[in-house]
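Trainee: Numbering (the UniProt record's numbering), first residue to last: 1 to 221.
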Amino acid sequence: MPVDFLTTEQTESYGRFTGEPDELQLARYFHLDEADKEFIGKSRGDHNRLGIALQIGCVRFLGTFLTDMNHIPSGVRHFTARQLGIRDITVLAEYGQRENTRREHAALIRQHYQYREFAWPWTFRLTRLLYTRSWISNERPGLLFDLATGWLMQHRIILPGATTLTRLISEVREKATLRLWNKLALIPSAEQRSQLEMLLGPTDCSRLSLLESLKKGPVTI
């Protein structure tokens, strides 16, 4: 079953910004309450405070952390900086110089806000959800991808690579389809199966099967 079923929009928006978030999105995902500011305040320097604050907003909004802070829209950076009383957002360039700092901050955020990696038991739970949806409905894989992404973000699971998710969806749909065909194969009686098999075999006077002969239109009327 193919795994390259994502639309261009899905590929470009998965774990990435595709433009400036609107005011409602800024308020929902990038607003920092007092508890957030207390956690952020443990970092030294404006560049570290702004950097970790942006990572908090990114994991809430995108479902993952960013390695390149230049990919964060200007409006998001200014909105976050104003809440921290930081006037010069160019200090963010210093934050991006140390990869270790970004990794340490990501680990701190995961621990403090209880974000989890895409591993057991969450892989099992998502697989079960996708299998159930694939069994009871014939939803397109792209819709299942959006469902899985929303489910992961709702449960604070760091988004895996897009290929990991598309491969999982393809495998689950293939298993559900195989189960369906197996159940359908049990419906005909032994006599009906024999009759169906006769349709597939060649006739005495032709290399074509009876089914293929029936598909052809009449030559003469």
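We treat Cβ as the ideally placed atom computed from N, Cα and C, and that holds for glycine.
1) Do the segment 106–124 and the segment 133–145 touch if we need at least three Cβ pairs shorter than 8 Å?
2) Which residue marks the beginning of the alpha helix (DSSP H) containing H31, and which one marks its end?
3) In the DSSP assignment, the alpha helix (DSSP H) including D146 goes from what residue to what residue?
4) Could you tell me the alpha carbon to alpha carbon distance between L54 and T177, rounded to whole angstroms?
5) Is residue 227 helix, strand or coil by DSSP?
6) Give the range of the alpha helix (DSSP H) segment to which M41 is assigned.
7) Measuring only the C-alpha atoms, how far is Q25 from R125?
8) What are the boundary residues of the alpha helix (DSSP H) that S134 is part of?
9) Which of the three DSSP states, helix, strand or coil, is assigned to R110?
10) Between the beta-carbon of L152 and the beta-carbon of R133, is there less than 8 Å?
11) Touching or not, the segment 91–100 and the segment 60–70, by the rule of three or more beta carbon pairs under 8 Å?
12) DSSP puts P202 in a beta bridge; with which residues?
13) Using a 10 Å radius around the Cβ and a threshold of 16 neighbouring Cβ atoms, would you call T201 buried or exposed?
14) Give me the Cα-Cα distance between S213 and S13, rounded to the nearest whole angstrom.
15) Specify the secondary structure class of I158 as computed by DSSP and reduced to three states.
16) CB D79 to CB F17, shorter than 8 Å?
17) Since Y95 is in the alpha helix (DSSP H), which residue starts that stretch and which ends it?
18) How would you write the range of the alpha helix (DSSP H) that S13 sits in, first residue to last?
Mentor: With the structure as the only source:
1) no
2) Segment: none, H31 is in no alpha helix (DSSP H) and carries neither H nor E.
3) 141–154
4) 43 Å
5) There is simply no residue 227 to check, as the chain begins at 1 and stops at 221 in what is shown.
6) Inspection of the sequence shows that residue 41 is occupied by Gly rather than by Met. Where G41 is concerned, there is no enclosing alpha helix (DSSP H), given that its DSSP letter is neither H nor E.
7) 28 Å
8) 122–136
9) helix
10) no
11) yes
12) S209
13) It should be pointed out that residue 201 corresponds to Gly in this sequence rather than to Thr. Flag for G201 reads exposed.
14) 50 Å
15) coil
16) In the sequence under discussion, the amino acid at residue 79 is Phe, which differs from the Asp named in the question. Contact: no.
17) 92–95
18) 8–13
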